[in-house]
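Enquirer: Have a look at the structure that comes next, please.
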Amino acid sequence: MSLIQHFKGNGPSGFGYASTAEQVTEGLSLAGRNILLTGCSSGLGQEALRVLALRGARVIATARTIEKSRAACAAVAGETVPVACELAEPASVRACVAAVKALGYRLDAILCNAGIMALPKLQQAHGIELQLFTNHVGHFMLVTGLLDRLADDGRVVVVSSGAHRQAPREGIQFDNLSGEKGYGPWAAYGQSKMANLLFAKELARRLAGTRRTANAVHPGVIRTNLGRHMSPVAYALFGMVGPLFLKDAAQGAATQTWAAVHPGAAGVSGAYLADCNVAPCRADADDPALAARLWTVTEEIVARLPG
Ligand SMILES: NC(=O)c1ccc[n+]([C@@H]2O[C@H](COP(=O)([O-])OP(=O)(O)OC[C@H]3O[C@@H](n4cnc5c(N)ncnc54)[C@H](OP(=O)(O)O)[C@@H]3O)[C@@H](O)[C@H]2O)c1
């Protein structure tokens, strides 16, 4: 909870900056719904897991390892199914897709929440810059692998960030997906979050004419383990401004939870959501040609991956 929330009202959805995941699901019964969630072991994913399960959903909750998934599931009340999914490891993502298919559930929502931010030095997975791989390519594999299990009115929610505005001028540097021609921690994070947005919007275009939806989310700014790669000074400053400007995790999990389950989000697709409402994004995130190119290039990357 922060000071700034007292100056921000609610939007057309009836919710806003200060709304929490519990508030946006109050009175909803999610019994019978199956929701796949990535990054359940920390921060916003941990809170989304808790609240979705609290409201009666069966949450198929993934973390990097089965031990982390089990620990996160054991910490909450309700029906949960722990599954491992290391997004930077294609074999793990493929095993996750197979495990979820084997469960046999129709998925009412896929909530792509896991992410990493601002790695100080260039790291790669399979020749691709690691933030782009983890945040975008891993989720692309997971979602496209499970699309045939998405319910007729199923929702895909991709957690992006306001940091998509820090993406390179071109949006996606297709000639530098490895990061080897130049790397900046925040530009690379921004690019990965731009990719999240473009993916959600392109998926929405591909789902047009159906009742299935895809949206991207900016959760707000929250002090979570996401800041683990920030310098200690920057992280400490981040903590100091928290009481003034930051959301807490309960508020930070609200928009993705709203997008995944609230009746008010049912007809919303291809949108960028912040504070539980449709919000403006950087203009090139709405460029269908850029989004289509990213989809094709990601398919080519996935086709080259081992296993
Ligand atoms: N916090 C913010 O201010 C903020 C702002 C805008 C957008 N977001 C976005 O919100 C999402 C959630 O972030 P958060 O703040 O909750 O961060 P967090 O506390 O660090 O949680 C991130 C989760 O993602 C998991 N993860 C990281 N790398 C992974 C990988 N390779 N494979 C599988 N899981 C992986 C983490 O697992 P481990 O703990 O095992 O690494 C953790 O469970 C992210 O997509 C982030 O970009 C956050």
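Numbering (this note's numbering), first residue to last: 5 to 311. Every residue gets a Cβ at the ideal spot worked out from N, C-alpha and C, and that includes glycine.
CB-CB under 6 angstroms to ARG1, same chain, minus the five flanking residues each way: which ones, in chain order?
Expert: Examination of residue 1 is not possible in this model, given that the chain is present from 5 through 311 alone.
Enquirer: Suppose the cutoff is 6 angstroms on Cβ atoms and the five residues either side in sequence are ignored; what does the same chain contact list for CYS77 look like?
Expert: Along the sequence shown, one-based indexing puts residue 77 at 73. The residues are ALA65, THR84, PRO86.
Enquirer: What residues in its chain sit with their C-beta under 7 angstroms from that of GLY36, if we drop five residues either side in the sequence?
Expert: Within the sequence shown, numbered from 1, the residue matching residue 36 stands at position 32. Hits under 7 angstroms: none found.
Enquirer: State the start and end residues of the unbroken beta strand (DSSP E) segment that holds HIS222.
Expert: For the purposes of this step, residue 222 is taken as the residue at position 218 of the sequence shown. Its beta strand (DSSP E) spans residues 217-222.
Enquirer: Return helix, strand or coil for PRO16, following the three-state DSSP convention.
Expert: Mapped onto the sequence shown, residue 16 falls at position 12. PRO16: coil per DSSP, three-state reduction.
Enquirer: Is ALA103 closer than 9 angstroms to ALA192 when the C-beta atoms are compared?
Expert: If you number the sequence shown from 1, residue 192 lands on position 188. If you number the sequence shown from 1, residue 103 lands on position 99. No, Cβ-Cβ distance for ALA192 and ALA103 is not below 9 angstroms.
Enquirer: Under the three-state reduction of DSSP, which class applies to PRO86: helix, strand or coil?
Expert: As a working note, residue 86 is residue 82 in the sequence shown. Three-state result, PRO86: strand.
Enquirer: Between the C-alpha atoms of ARG153 and ARG210, what's the straight-line distance to the nearest angstrom?
Expert: Residue mapping note: residue 153 aligns to position 149 of the sequence shown, counting from 1. Residue mapping note: residue 210 aligns to position 206 of the sequence shown, counting from 1. Roughly 16 angstroms between the two C-alpha positions.
Enquirer: Run the proximity test for PRO379: is its beta-carbon closer than 8 angstroms to any non-hydrogen atom belonging to ligand 1?
Expert: In the structure as shown, the chain begins at 5 and stops at 311. Residue 379 is therefore absent and cannot be evaluated.
Enquirer: Grab me the residues of ALA167's own chain with a C-beta within less than 6 angstroms of its C-beta, minus the 5 sequence neighbours each way, in chain order.
Expert: Taking the first residue of the sequence shown as 1, we reach residue 167 at position 163. The residues are TYR193, GLY194, LYS197.
Enquirer: Could you check if ALA293 is buried or exposed, using at least 16 other CB atoms within 10 Å of its CB as the buried criterion?
Expert: Residue mapping note: residue 293 aligns to position 289 of the sequence shown, counting from 1. So ALA293 ends up on the exposed side.
Enquirer: Mark VAL160 as exposed unless 16 or more other C-beta atoms lie within 10 angstroms of its C-beta, in which case mark it buried.
Expert: Translated into the one-based positions of the sequence shown, residue 160 becomes position 156. Buried, because 16 or more other Cβ atoms sit within 10 Å of the Cβ of VAL160.
Enquirer: For the stretch 279-293 and the stretch 18-28, state whether three or more C-beta atom pairs, one from each stretch, are separated by less than 8 angstroms.
Expert: Cβ pair count under 8 angstroms is three or more, so yes.
Enquirer: Any idea which residues DSSP pairs VAL160 with across the strands?
Expert: Position 156 of the sequence shown holds residue 160. Paired residue(s): ILE114, ALA218.
Enquirer: Between VAL28 and ALA264, what straight-line distance do the alpha-carbon atoms span, to the nearest angstrom?
Expert: Taking the sequence shown and counting its residues from 1, one reaches residue 28 at position 24. Taking the sequence shown and counting its residues from 1, one reaches residue 264 at position 260. Straight-line Cα distance between these residues: approximately 11 angstroms.
Enquirer: In this structure, does DSSP put GLU133 in helix, strand or coil?
Expert: Counting from 1 along the sequence shown, the entry for residue 133 is found at position 129. Residue state, collapsed to three classes: strand.
Enquirer: Tell me the DSSP bridge mates of THR42?
Expert: By 1-based counting over the sequence shown, the position of residue 42 is 38. In the DSSP output, where bridge partners are listed per residue, THR42 has THR66.
Enquirer: Name the DSSP beta bridge partners of GLN128, please?
Expert: Your numbering for residue 128 matches position 124 in the sequence shown. In DSSP, GLN128 forms a bridge with GLU133.
Enquirer: On the criterion of 16 or more Cβ atoms from any shown chain inside 10 Å, does PRO310 qualify as buried, or is it exposed?
Expert: For the purposes of this step, residue 310 is taken as residue 306 along the sequence shown, with counting starting at 1. Exposed.
Enquirer: I need the boundaries of the alpha helix (DSSP H) containing ALA278, first residue and last residue.
Expert: Reading the sequence shown from its first residue, position 274 is the one you call residue 278. Where ALA278 is concerned, there is no enclosing alpha helix (DSSP H), although the beta strand (DSSP E) it sits in stretches over 276-278.
Enquirer: Do GLY49 and ALA118 come within 9 angstroms of each other at the CB atom, strictly closer than that value?
Expert: Within the sequence shown, numbered from 1, the residue matching residue 118 stands at position 114. Within the sequence shown, numbered from 1, the residue matching residue 49 stands at position 45. In this structure, GLY49 lies closer than 9 angstroms to ALA118 by Cβ.
Enquirer: How far does the alpha helix (DSSP H) with PHE11 in it extend, from its first residue to its last?
Expert: Taking the first residue of the sequence shown as position 1, residue 11 is located at position 7. PHE11 -> no alpha helix (DSSP H), and no H or E assigned at all.
Enquirer: Just to check, is the beta-carbon of GLN170 closer than 8 angstroms to a non-hydrogen atom of ligand 1?
Expert: Counting from one through the sequence shown, the residue named residue 170 turns up at place 166. The answer is no for GLN170.
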